[in-house]
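The structure appears below as structure tokens.
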Amino acid sequence: MKKVISFSLMLMLGLVLSQVLPTHLGESYAELKHLVELMLGICLAFIMINVGREFEIDKSNVKIYVKDYLVAMLAAALPWIFIAVYYIFALMPVEWWSSGDVWKETLLLSRFAAPTSAGILFSMLAAMNLQKSWIYQKAQTLAIFDDLDTIILMVPLQVAMIGSMNWQMVAMLTVIFGLFFVGWRYMSRFKMRQTWYAIFTYAVLVYGSTLLIYTVTNHFFGEKGAIHIEVLLPAFIFGMVIKNRHVGGKREERIATIVSLVFMLLVGMSMPLIDMSGAVPEGDNNSIIATVPMMSGWEIALHVLMVTLLSNLGKLAPMLFYRDRSLTERFALSVGMFTRGEVGAGVIFIALGYNIGGPVLLISVLALVLNLILTMGFVYVVKRLALKAEAQNR
143 MKKVISFSLM
153 LMLGLVLSQV
163 LPTHLGESYA
173 ELKHLVELML
183 GICLAFIMIN
193 VGREFEIDKS
203 NVKIYVKDYL
213 VAMLAAALPW
223 IFIAVYYIFA
233 LMPVEWWSSG
243 DVWKETLLLS
253 RFAAPTSAGI
263 LFSMLAAMNL
273 QKSWIYQKAQ
283 TLAIFDDLDT
293 IILMVPLQVA
303 MIGSMNWQMV
313 AMLTVIFGLF
323 FVGWRYMSRF
333 KMRQTWYAIF
343 TYAVLVYGST
353 LLIYTVTNHF
363 FGEKGAIHIE
373 VLLPAFIFGM
383 VIKNRHVGGK
393 REERIATIVS
403 LVFMLLVGMS
413 MPLIDMSGAV
423 PEGDNNSIIA
433 TVPMMSGWEI
443 ALHVLMVTLL
453 SNLGKLAPML
463 FYRDRSLTER
473 FALSVGMFTR
483 GEVGAGVIFI
493 ALGYNIGGPV
503 LLISVLALVL
513 NLILTMGFVY
523 VVKRLALKAE
533 AQNR
């Protein structure tokens, strides 16, 4: 639980620093912001490589995973759709409801609620000695699949954000589909060192590659012609082709936790300045939904509660399936899927790259923080339900 609480505190600390540092550092803040973005990319690559390493399936019998993938996809899609619809009809002016651009931006940001935090979920269930239970085994599969679904769906969302089809778009799509092919073709194929410093080195190289592609194309074709491939997918695919070998030890776990904590801090620090006066933000680079005027603290709090409720309501999807198991087990599985963490924060980081801001972004970050805090309650519920299910199965 210390890990979950620390995630929340680091994200909130970063949010505070994002509002304080620009005023205190003045012009030199631009250099710090550049460093923060660089470190964010590396940390996200490190996290996604580890997520990719956990993705292991039997390719000779893919049919056995079809149902689990569909359930995971639904468990990822429902929170996303619920929140996107809520953002549009509860936060946007009526005249924006039919705007395609507003929907694109909202759908991209709302995706933060889709992925379950596999790391937090596995640690939570393992701490309760549930490794051999059906709940643990099924949660392990669903959490990895809904992370994969989030990564896959981010591709068309980012393509929609870019807009018109041109040769740069074709090149980017070619690289993306090429990565999917490589990931599937060479899944768990390569034996590589998997100590924390080796994975950190891979993270630097993967993020450096995406940065190099962007820098070179930006140099020759300008900002509008640059090819920007988010590190989320390349890092996941890199981890996917590594033949996973669990490197145990407290040191490895400690370093992985530290990287995740730093990542949460940096996501908070990347937040734009928040003007609580209610004025409409100025600037040509702002997204449309960034121009929504800031709300009062009470309004923000109400929307955070609603977003948290809707995002977890959507995660109850597994209860509709696996009818051969008891309702208690299915409910415990669904509550276990409530956990959110680094991948959701990664989606927020990507949204920041498209200058999405304003109260909608603030609500999303605070909802992620609240959900992390509530994880302690989720643990208690899952534990009670798991014990009840075990007693019923005797």
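Residue 316 in our numbering sits at position 174 of the sequence shown; the count goes up by one each step and never skips. C-beta atoms are modelled at their ideal positions from N, C-alpha and C, and glycine is treated no differently.
Relative to the alpha-carbon of residue i, which residue among the options has its alpha-carbon at the smallest distance?
| i | options | result |
| --- | --- | --- |
| Ile430 | Phe342, Leu186, Ser202 and Asn497 | Asn497 |
| Ala187 | Met382, Ile199 and Thr248 | Met382 |
| Val204 | Trp326, Thr399, Glu372 and His370 | Trp326 |
| Asn454 | Val312, Trp222 and Val358 | Trp222 |
| Ile416 | Thr399, Gly439 and Ile400 | Gly439 |
| Met190 | Phe380, Arg331, Pro164 and His176 | Phe380 |
| Phe132 | Met234, Val523 and Leu347 | Residue 132 falls outside the range modelled here, since the chain spans only 143 to 536, and no answer is possible. |
| Ala432 | Phe480, Ala493 and Leu462 | Ala493 |
| Glu247 | Ile294, Pro298 and Phe197 | Pro298 |
| Met329 | Met518, Asn192, Glu198 and Gly519 | Glu198 |
| Ala281 | Gly486, Met461 and Gly499 | Met461 |
| Phe149 | Leu212, Gly456 and Phe405 | Phe405 |
| Ala302 | Trp245, Leu407, Ser252 and Leu347 | Trp245 |
| Asn449 | Phe480, Ile341 and Leu469 | Checking the displayed sequence, the identity of residue 449 turns out to be Val instead of Asn. Measuring from the Cα of Val449, the nearest candidate turns out to be Phe480. |
| Ile400 | Leu295, Phe342 and Arg387 | Phe342 |
| Ala172 | Ala377, Pro414, Met215 and Ala509 | Pro414 |
| Leu503 | Gly350, Phe362, Val348 and Met234 | Met234 |
| Val348 | Gly364, Ile371 and Arg335 | Ile371 |
| Gly350 | Arg387, Phe463, Asn386 and Ile184 | Ile184 |
| Lys530 | Glu471, Glu484 and Ile397 | Glu471 |
| Glu532 | Leu469, Gly456, Met296 and Leu315 | Leu469 |
| Ala487 | Leu475, Val477 and Asn513 | Asn513 |
| Ala528 | Ile286, Glu196, Lys274 and Lys392 | Lys274 |
Which of helix, strand or coil does DSSP assign to residue i?
| i | result |
| --- | --- |
| Phe332 | strand |
| Ile384 | strand |
| Leu151 | helix |
| Arg467 | coil |
| Gly499 | coil |
| Leu516 | helix |
| Thr337 | coil |
| Ile430 | coil |
| His445 | helix |
| Val422 | Because the pLDDT at Val422 is just 48, under 50, the model does not fix this residue reliably, and the point stays unresolved. |
| Trp326 | helix |
| His361 | helix |
| Lys209 | helix |
| Pro164 | helix |
| Ser412 | coil |
| Met314 | helix |
| Phe188 | helix |
| Leu321 | helix |
| Gly483 | coil |
| Pro298 | helix |
| Trp222 | helix |
| Glu372 | coil |
| Asp289 | helix |
| Val524 | helix |
| Lys392 | helix |
| Thr450 | helix |
| Asp200 | coil |
| Leu458 | coil |
| Ala256 | coil |
| Met234 | coil |
Contact defined as beta carbons within less than 8 Å: I believe residue i pairs with residue j. What is the distance between those atoms, to the nearest angstrom?
| i | j | result |
| --- | --- | --- |
| Leu182 | Phe491 | 6 Å |
| Val178 | Ser506 | Their Cβ separation, rounded to whole angstroms, is 19 Å, which puts Val178 and Ser506 out of contact at 8 Å. |
| Arg482 | Thr258 | 7 Å |
| Pro501 | Val434 | 6 Å |
| Ala217 | Asp289 | Rounded, the Cβ-Cβ distance is 11 Å, inconsistent with contact. |
| Leu159 | Leu167 | 10 Å between Cβ atoms; not a contact. |
Do residue j and residue i have their beta-carbon atoms positioned less than 8 Å apart in this structure?
| i | j | result |
| --- | --- | --- |
| Asp200 | Leu284 | no |
| Gly194 | Val409 | no |
| Ala443 | Ile369 | no |
| Glu394 | Thr357 | no |
| Thr539 | Val373 | In the structure as shown, the chain begins at 143 and stops at 536. Residue 539 is therefore absent and cannot be evaluated. |
| Thr292 | Ala256 | yes |
| Val489 | Phe231 | no |
| Arg467 | Trp276 | yes |
| Ile318 | Met311 | no |
| Ile225 | Ser202 | no |
| Ile384 | Phe332 | yes |
| Leu375 | Leu321 | yes |
| Leu220 | Ala459 | yes |
| Tyr84 | Leu452 | A query on residue 84 cannot be resolved here, the shown segment of the chain reaching from 143 to 536 and no further. |
| Phe463 | Val213 | yes |
| Glu196 | Ile294 | no |
| Asn192 | Ala398 | yes |
| Val485 | Phe520 | no |
8 Å is my cut-off, CB to CB: does residue i come that close to chain B?
| i | result |
| --- | --- |
| Gly488 | Looking for chain B here will not work: only one protein chain is present. |
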